[in-house]
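There are 2 protein chains.
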Amino acid sequence: MIPRPELLTTLSGSYELTAGATVSGDLIDAVRLALPFLDLRPGDSGEIDVRLDPELGAEAYRLTAGSRGVEIVAGGRAGAFYAAQSLHQLLPDASYRFSERTSWPVPGVRIEDAPRFAWRGLHLDVARHFSPKREVLRLIDLMAVHKLNRLHLHLVDDQGWRVESRAYPRLHEVASYRARTAINYYREPEAYDGLPHGGYYTLDDLAEIGAYARARCVTVVPEIDVPGHASAILAAYPEFGATGERHEVLDRWGISPAILSPLPPTVEFLVTIFDELIGALGETPYVHIGGDEVVLDHWAASAEIVAYRDSLGLATANDLQAWFLRRLADALAERGARTVVWDEAFVSGGLRQDTVVMPWRGMGVGRRAAAAGHDVVATPVFPLYFDYAESASADEPMAIGDAIGVEDVAAFRPAPGEWTEEERARVMGVQAQLWTEWVQDLRTVDYRMWPRACALAEVAWSGAGGEDFAGRLEEHLGRLDAIGVEYRPPAGPRPWQRRRPHRASKVRVVDVMARIDGMTHDAESTRPSM
Amino acid sequence: MIPRPELLTTLSGSYELTAGATVSGDLIDAVRLALPFLDLRPGDSGEIDVRLDPELGAEAYRLTAGSRGVEIVAGGRAGAFYAAQSLHQLLPDASYRFSERTSWPVPGVRIEDAPRFAWRGLHLDVARHFSPKREVLRLIDLMAVHKLNRLHLHLVDDQGWRVESRAYPRLHEVASYRARTAINYYREPEAYDGLPHGGYYTLDDLAEIGAYARARCVTVVPEIDVPGHASAILAAYPEFGATGERHEVLDRWGISPAILSPLPPTVEFLVTIFDELIGALGETPYVHIGGDEVVLDHWAASAEIVAYRDSLGLATANDLQAWFLRRLADALAERGARTVVWDEAFVSGGLRQDTVVMPWRGMGVGRRAAAAGHDVVATPVFPLYFDYAESASADEPMAIGDAIGVEDVAAFRPAPGEWTEEERARVMGVQAQLWTEWVQDLRTVDYRMWPRACALAEVAWSGAGGEDFAGRLEEHLGRLDAIGVEYRPPAGPRPWQRRRPHRASKVRVVDVMARIDGMTHDAESTRPSM
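Chains as they are written, first to last, in my numbering: chain A, 1 to 530; chain B, 531 to 1060.
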């Protein structure tokens, strides 16, 4: 079971759950979403009895199944939902399929369960390669099965913009596609596929994604990555750039010098976008504004921007960047959303105290952010960048580097023992990142995400992958087969999942980190311990 | 509305359908599947009253919505399902999305409706490019919305075998993938993508697909295409081939000479496969055995096969092919399944009288099959091969030919007026084919299929696309947007849907037909009137 519920007792006897079971209590919709095949009916005294206990945390629950029925005691709607997911895990794998079967046996159990971390996240880069709405909804379904609760959507990058904007329609009309895509590795001669690529979510799509996620206890965290990674935005609206020059939606990878202007019109533009995003998604407690891999050369070269910086009394381009991100964070706070940033923005300084930091460059910088009183979501490249290959085998499909295995993810500790208690208390949770430069088709999303995200779920829920993780994962793969997840098999890729062409010298993790350290303004010791 | 219900009256007043509506009658599950957002509850006197009227055809229904509620009178479960689909069409487009909304207004209407044709089919070639299970289930959902009821899965071809076999595991272990795929057009220099491709459905997947389809009034028609198109089978089990030589799973298109042997071991092998298929799918009233594009050279060259033919007293290889297909059809009949074939098998002669013929080479051969007393499902290349481009524009993505527009599909008449009444009575229905040589990714399946399949649904249900079809289609596209279908827009492809590279001289429809007539044993006047 992934994550593993804390099993207190195995009761003798078992219970037969039938399609027309009645459920008492207010949380029938949460139970119904986790057990969609059961055709549950509301009743006064249910075969599934669901009630709230305000003493429990909102995500915590107690589940008892015995010969007389099932009892769920939950701290909130989420707790009831997770109790029903655990109940589902007790049924045979076939219960994860559509079936004409109308009854399932439930073994007798007593479970008391609560998550270790509040933020249990998956990130999906839909900018480099787009995932249509249906795939996002399916990912939410898979997250719900694994009790994951934050979906971080990377909605814009140099290579594309992925949301309708009624205020700035050229974003979805122009910035939403590129004519071709690079297929050469870093340091190889340039090569392109010649295939146009694109797509975007309408605001109606986003509203649906938000509601669908909420119903399944998942919070969508949209990311508008600024001020760098701006080529796509500047293909649509060059006037918001530092140089005013039109860019092309980028068709190759790497860090681009394209950067937004920090001047007031750009801030207004972005705040308008935030309003559209939040208006569509509905309740949006977190908005990610990026702040990573910024090349400030164009700011330093612009007389207008330098003059603006001077008028603010700021000494450096770096200070100006901190000021710019702070203005955006203040605007988001007025709209009820906490800001999330990548760790470079913490290093730049000047963050609001309530800003959440994602230390992708390693837990060292994460610890410093925690020590400075920021909430932190652990997101280090190793072992949480799922665009890295699962192994160093030549059979693995193209990836930016290797090797991050499922066992590496299971061994990860988001709040390391050597941190102080205060620092550890700042760790909100943990999140895996799936960047999609080398994830060119929808089937490969499955391959890269699973089962590493099963290990992530285990760590996020239990704080650690248990010793028996490997054995329980093997059992869990039967559920993924039933759901139809094209995961990476433990023995390596299936024949049609094997290495793609156009690969030569892969970039090793250390190369990437060296490159990042060299490119960003902060070259200090943020290298992760790998 | 697609297909358009026969609207008799618009009642004054309207009704509010609420999430917790009660439904009386036996068919609550059919109504629930069509209106999944309604959270329907069974009640004694329903706000939706559903009852059977044995006077009506099984798929026919009457639907009345007024200020007092909704009444559905149906001839059978399918009729109730289609009534609920029509009720769904009366609601706003947003009702096709997941929503937190709990109430929808229903305009007052009285509808009496029944389909013109019993077979309203879509074909999907999952052999040339595989569609994972989740995409097949989604296609069934889309079919249900359009009141389509036959899903023809082309499960094997030279380029791949797509079903688990416990009796012959090398089929899914070996025949399920190829190392690369041709990307050059016919008559162009050979070019390959270098990408491995593959996948298959487990028997559990097939059972799920069958049950999921049945619940939505869709019958799955599996196709095991024999004796030609056999490269993939003969890569796994060369001993069932005419030459005994091992073939490779084919990585290019066109008609291959690879052919199964007609000897008893091959018949036994295929019957074992049929048993596995039918055992998994459950109730399987039709099995397609292909019979198209067969090159009999290897039979004529084999002393063993010629001797076998002589022992049967048959004069020609063509007679032997007819005998071989007849043996398979007899075995299927013993298993309760009617055989379906492509039209070449009819021309070869010797079919069982209950064999259904699909005249892909045009309605001329279809009429001859009908005149000979065979049930016929209209499947002519023009206008029902959806692998043809929607227009002759240079913007269209790669396709085998052009141009079959949505208006061409809407104008099609499956039972032409010039046929005799007896011949017309033999037309069971109509089906569109999506071959996937040039449909390399899952998003392109949407593009090629929709909205041409909307026009197909209209023709299949109503017998003809109405004069107001174009206007109603425009309205219907709002529903497809809500569902998340990446259809071809009426004005042409979106930027990221535009032409792929590696195209030069496209094969025109007439070239293809000429090529086929030349390759097959029957070069007589089967050319469709285009």
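Just so you know, even glycine gets a beta-carbon here, dropped at the ideal spot from N, CA and C. These numbers were taken from a predicted model, which means no experiment stands behind them.
Those residues which DSSP pairs with residue i across a bridge
{"i": "residue 11(A)", "result": "Answer is none; residue 11(A) lacks a bridge partner."}
{"i": "residue 223(A)", "result": "154(A), 288(A)"}
{"i": "residue 635(B)", "result": "546(B)"}
{"i": "residue 554(B)", "result": "579(B)"}
{"i": "residue 388(A)", "result": "DSSP lists no partner for residue 388(A)."}
{"i": "residue 123(A)", "result": "152(A), 433(A)"}
{"i": "residue 595(B)", "result": "600(B), 639(B)"}
{"i": "residue 339(A)", "result": "287(A)"}
{"i": "residue 712(B)", "result": "722(B)"}
{"i": "residue 795(B)", "result": "None, per the DSSP bridge assignment."}
{"i": "residue 402(A)", "result": "389(A)"}
{"i": "residue 447(A)", "result": "Paired residue(s): none; residue 447(A) is not in a bridge."}
{"i": "residue 244(A)", "result": "Paired residue(s): none; residue 244(A) is not in a bridge."}
{"i": "residue 378(A)", "result": "430(A)"}
{"i": "residue 356(A)", "result": "340(A)"}
{"i": "residue 535(A)", "result": "The structure shown has nothing for residue 535(A), since chain A only spans 1 to 530."}
Supposed close pair residue i, residue j - CB separation, criterion 8 Å
{"i": "residue 407(A)", "j": "residue 493(A)", "result": "Actually they do not touch by this definition, with Cβ atoms about 17 Å apart."}
{"i": "residue 725(B)", "j": "residue 500(A)", "result": "6 Å"}
{"i": "residue 856(B)", "j": "residue 882(B)", "result": "6 Å"}
{"i": "residue 1026(B)", "j": "residue 82(A)", "result": "Actually they are not in contact, since the Cβ atoms of residue 1026(B) and residue 82(A) sit about 38 Å apart, beyond 8 Å."}
{"i": "residue 781(B)", "j": "residue 875(B)", "result": "Their Cβ separation, rounded to whole angstroms, is 27 Å, which puts residue 781(B) and residue 875(B) out of contact at 8 Å."}
{"i": "residue 320(A)", "j": "residue 342(A)", "result": "Going by Cβ atoms, the distance from residue 320(A) to residue 342(A) rounds to 18 Å, so no, they are not a contact pair."}
{"i": "residue 374(A)", "j": "residue 290(A)", "result": "Their Cβ separation, rounded to whole angstroms, is 16 Å, which puts residue 374(A) and residue 290(A) out of contact at 8 Å."}
Proximity below 8 Å, CB of residue i to CB of residue j
{"i": "residue 967(B)", "j": "residue 930(B)", "result": "yes"}
{"i": "residue 686(B)", "j": "residue 762(B)", "result": "yes"}
{"i": "residue 69(A)", "j": "residue 52(A)", "result": "no"}
{"i": "residue 562(B)", "j": "residue 960(B)", "result": "no"}
{"i": "residue 597(B)", "j": "residue 573(B)", "result": "no"}
{"i": "residue 817(B)", "j": "residue 887(B)", "result": "no"}
{"i": "residue 189(A)", "j": "residue 227(A)", "result": "no"}
{"i": "residue 679(B)", "j": "residue 748(B)", "result": "yes"}
{"i": "residue 595(B)", "j": "residue 568(B)", "result": "no"}
{"i": "residue 80(A)", "j": "residue 35(A)", "result": "no"}
{"i": "residue 962(B)", "j": "residue 983(B)", "result": "yes"}
{"i": "residue 660(B)", "j": "residue 944(B)", "result": "no"}
{"i": "residue 585(B)", "j": "residue 608(B)", "result": "no"}
{"i": "residue 536(B)", "j": "residue 641(B)", "result": "yes"}
{"i": "residue 329(A)", "j": "residue 355(A)", "result": "yes"}
{"i": "residue 114(A)", "j": "residue 216(A)", "result": "no"}
{"i": "residue 84(A)", "j": "residue 167(A)", "result": "no"}
CB contact below 8 Å: residue i versus chain E
{"i": "residue 774(B)", "result": "Within the model displayed, chain E is absent; protein chains A and B are what it includes."}
Inset, instruction - Would you list, in chain order, the members of the segment 696-708 of chain B that have their beta-carbon closer than 7 Å to a beta-carbon of chain A? - result: For the segment 696-708 of chain B, which is checked against every Cβ of chain A, the residues closer than 7 Å are 707.
Inset, instruction - Check whether the segment 666-677 of chain B touches the segment 629-639 of chain B, taking contact to mean three or more Cβ pairs, one atom from each stretch, closer than 8 Å. - result: Counting C-beta pairs with one atom in each stretch, the segment 666-677 of chain B and the segment 629-639 of chain B have fewer than three that are closer than 8 Å, which means they do not touch.
Legend entry - chain B contacts from the segment 207-234 of chain A (Cβ-Cβ distance under 7 Å): Cβ contacts with chain B come from 208, 211, 212.
Legend entry - Cβ pair count under 8 Å reaching 3, the segment 792-800 of chain B against the segment 729-736 of chain B: Taking 8 Å as the limit for Cβ pairs, the verdict is that the segment 729-736 of chain B does not touch the segment 792-800 of chain B.
Inset, instruction - Say whether the segment 157-174 of chain A touches the segment 1000-1017 of chain B, bearing in mind that this needs 3 or more beta-carbon pairs closer than 8 Å, one atom from each stretch. - result: Judged by Cβ distances under 8 Å, the segment 157-174 of chain A makes no contact with the segment 1000-1017 of chain B, as fewer than three pairs qualify.
Legend entry - chain B contacts from the segment 83-111 of chain A (Cβ-Cβ distance under 7 Å): From the segment 83-111 of chain A, only 97, 98, 99, 100 have a Cβ closer than 7 Å to chain B.
Inset, instruction - Please name the residues in the segment 143-158 of chain A whose beta-carbon is closer than 8 Å to at least one beta-carbon of chain B, in chain order. - result: Under the 8 Å Cβ criterion, the segment 143-158 of chain A contributes no residue.
Inset, instruction - Give, in chain order, every residue of the segment 641-664 of chain B whose Cβ lies closer than 9 Å to some Cβ of chain A. - result: The segment 641-664 of chain B vs chain A, Cβ under 9 Å: 660, 662, 663, 664.
Legend entry - Contact the segment 446-460 of chain A vs the segment 480-495 of chain A: 3+ CB pairs below 8 Å: Three or more Cβ pairs drawn from the segment 446-460 of chain A and the segment 480-495 of chain A lie within less than 8 Å of each other, which places the two stretches in contact.
Legend entry - the segment 830-837 of chain B touching the segment 856-868 of chain B, judged by at least three CB pairs closer than 8 Å: These segments do not touch.
Legend entry - the segment 414-427 of chain A / the segment 368-376 of chain A touching (three or more Cβ pairs under 8 Å): Inter-segment contact for the segment 414-427 of chain A and the segment 368-376 of chain A is present: three or more beta-carbon pairs are separated by less than 8 Å.
Inset, instruction - Residues of the segment 1012-1025 of chain B with a CB closer than 8 Å to any CB of chain A: list them in chain order, please. - result: Flagged, chain order: 1012, 1014, 1016, 1024, 1025.
Legend entry - Cβ-based contacts, 8 Å cut-off: residues of the segment 958-992 of chain B near chain A: Within the segment 958-992 of chain B, contact with chain A at the beta-carbon level (separation under 8 Å) is assigned to 971, 972, 973.
Legend entry - Contact list for the segment 6-20 of chain A against chain B, Cβ threshold 8 Å: Listed by position along the chain: nothing, the set is empty.
Inset, instruction - Check each residue of the segment 39-65 of chain A: if its Cβ is closer than 8 Å to any Cβ of chain B, include it; give the result in chain order. - result: So the list reads 39, 41, 42, given in the order they occur along the chain.
Inset, instruction - Evaluate the contact criterion for the segment 200-214 of chain A versus the segment 273-289 of chain A: three or more CB pairs, one atom per stretch, below 8 Å. - result: The answer is yes - the segment 273-289 of chain A touches the segment 200-214 of chain A, with three or more Cβ pairs under 8 Å.
Inset, instruction - Please list the residues of the segment 188-204 of chain A that have a C-beta atom closer than 9 Å to any C-beta atom in chain B, keeping them in chain order. - result: Correct list: 193, 194, 195, 196, 197, 198, 199, 202, 204.
Inset, instruction - Could you run through the segment 413-425 of chain A and flag, in chain order, every residue whose CB is less than 8 Å away from some CB of chain B? - result: So nothing in the stretch comes that close.
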